[in-house]
Amino acid sequence: MLRYRNTIITLAALSLMSACAANGTGSAGKPPVGNYLVVSIDGNSAPSGTTMQIGEDHRVSGKGPCNMYGGQITETNGALTIIGVSQTRMACLEPARAAGDARFATALQSVTSYRSLSDKGGIALIDTEGKERLRLQPGQE
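Per mature numbering (1 follows the signal peptide of the UniProt record, and there is no 0): the sequence shown = residues -21 to -1, 1 to 120.
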């Protein structure tokens, strides 16, 4: 039995890793480059016109529910961070858009990983607790 111990341990480790991947706990590395439409914020529909562009230069930018924003995606020890986030300060006349803008900014700054979605190139941006904060679908900025 002892001679099979390493094989059993290896198989158990592979099984656990594949279970984590199947549960969608997030991927290491930076999310795919492209233009995205933000379709949900914390599980609620995002206001129309909310976008995100992820560039080859690791910049992230787009239009929130009310304001334009930009920042930089970094990766440290497999964890994503979006740093240096700046936003314009436009007056949001619609209370729902103002609230959406605040939720979007909070969600954006909590991202630590992403998960690829099976539906047409979409991605989910995930926080440290494994909660989906932002859902993105490929689209035009």
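All C-beta atoms in this analysis are idealised placements derived from N, C-alpha and C, irrespective of residue type, glycine included.
Q) Hey, quick one: how far does the beta strand (DSSP E) through residue 115 stretch, first residue to last? A) Sequence index remark: in the sequence shown, residue 115 carries index 136 (1-based). Residue 115 -> beta strand (DSSP E) spans 111 to 117.
Q: Indicate the three-state DSSP secondary structure (helix, strand or coil) for residue 70 in the structure shown.
A: Counted from its first residue, the sequence shown places residue 70 at position 91. Residue state, collapsed to three classes: coil.
Q. Looking at residue 107 and residue 91, is the spacing between their C-beta atoms short of 8 angstroms?
A. Against the sequence shown, residue 91 aligns to sequence position 112. Against the sequence shown, residue 107 aligns to sequence position 128. Cβ distance < 8 angstroms, so residue 91 and residue 107 count as in contact.
Q: Could you tell me whether the region 68 to 80 touches the region 31 to 41, using the rule of 3 or more Cβ pairs below 8 angstroms?
A: no
Q. Taking the alpha-carbon positions, what's the residue -9 to residue 82 distance?
A. Working through the sequence shown from its first residue, we reach residue -9 at position 13. Working through the sequence shown from its first residue, we reach residue 82 at position 103. Any reading at residue -9 must be qualified, since the residue scores a pLDDT of 35, below 50, and its modelled position is unreliable; the value itself is stated next. Taking the straight line joining both Cα atoms gives about 37 angstroms.
Q) What does residue 30 pair with, by DSSP beta-bridge criteria? A) By one-based count along the sequence shown, residue 30 stands at place 51. DSSP output for residue 30 lists 16 as bridge partner(s).
Q.
Determine whether the beta carbon atoms of residue 61 and residue 50 lie at a separation below 8 angstroms.
A. The sequence position of residue 61 within the sequence shown is 82, counting from 1. The sequence position of residue 50 within the sequence shown is 71, counting from 1. Going by C-beta atoms, residue 61 is nearer than 8 angstroms to residue 50.
Q | Rounded separation between residue 110 and residue 23 - CA only | A | Along the sequence shown, read from residue 1 onward, the residue named residue 110 stands at position 131. Along the sequence shown, read from residue 1 onward, the residue named residue 23 stands at position 44. Roughly 13 angstroms between the two C-alpha positions.
**Q.** Distance between residue 17 and residue 9 (C-alpha atoms, nearest Å)
**A.** Indexing the sequence shown from 1 puts residue 9 at position 30. Indexing the sequence shown from 1 puts residue 17 at position 38. Near 17 angstroms, if we compare the C-alpha coordinates of residue 17 and residue 9.
Q: Along the beta strand (DSSP E) that carries residue 104, what are the first and last residues, could you check?
A: Indexing the sequence shown from 1 puts residue 104 at position 125. Looking at the DSSP string, the run of the beta strand (DSSP E) that includes residue 104 is 102 to 105.
Q: Grab me the residues of residue 119's own chain with a C-beta within less than 7 angstroms of its C-beta, minus the 5 sequence neighbours each way, in chain order.
A: Within the sequence shown, numbered from 1, the residue matching residue 119 stands at position 140. These residues qualify, in order along the chain: 14.
Q: Please report how far the alpha carbon of residue 77 lies from the alpha carbon of residue 85, in whole angstroms.
A: Here residue 77 is taken as the residue at index 98 of the sequence shown, counted from 1. Here residue 85 is taken as the residue at index 106 of the sequence shown, counted from 1. Looking at the two C-alpha atoms, the distance is approximately 13 angstroms.
Q) In this structure, does DSSP put residue 108 in helix, strand or coil? A) Working through the sequence shown from its first residue, we reach residue 108 at position 129. Of the three classes helix, strand and coil, the one that applies to residue 108 here is coil, per DSSP.
(Q) Taking its Cβ as the centre, do 16 or more other Cβ atoms sit within 10 Å of residue 31, making it buried, or is it exposed? (A) Reading the sequence shown from its first residue, position 52 is the one you call residue 31. With 16 or more Cβ atoms within 10 Å of its Cβ, residue 31 is classed as buried.
**Q.** Bounding residues of the beta strand (DSSP E) (the contiguous stretch that carries residue 55)
**A.** Working through the sequence shown from its first residue, we reach residue 55 at position 76. That run of the beta strand (DSSP E) goes 47 to 55.
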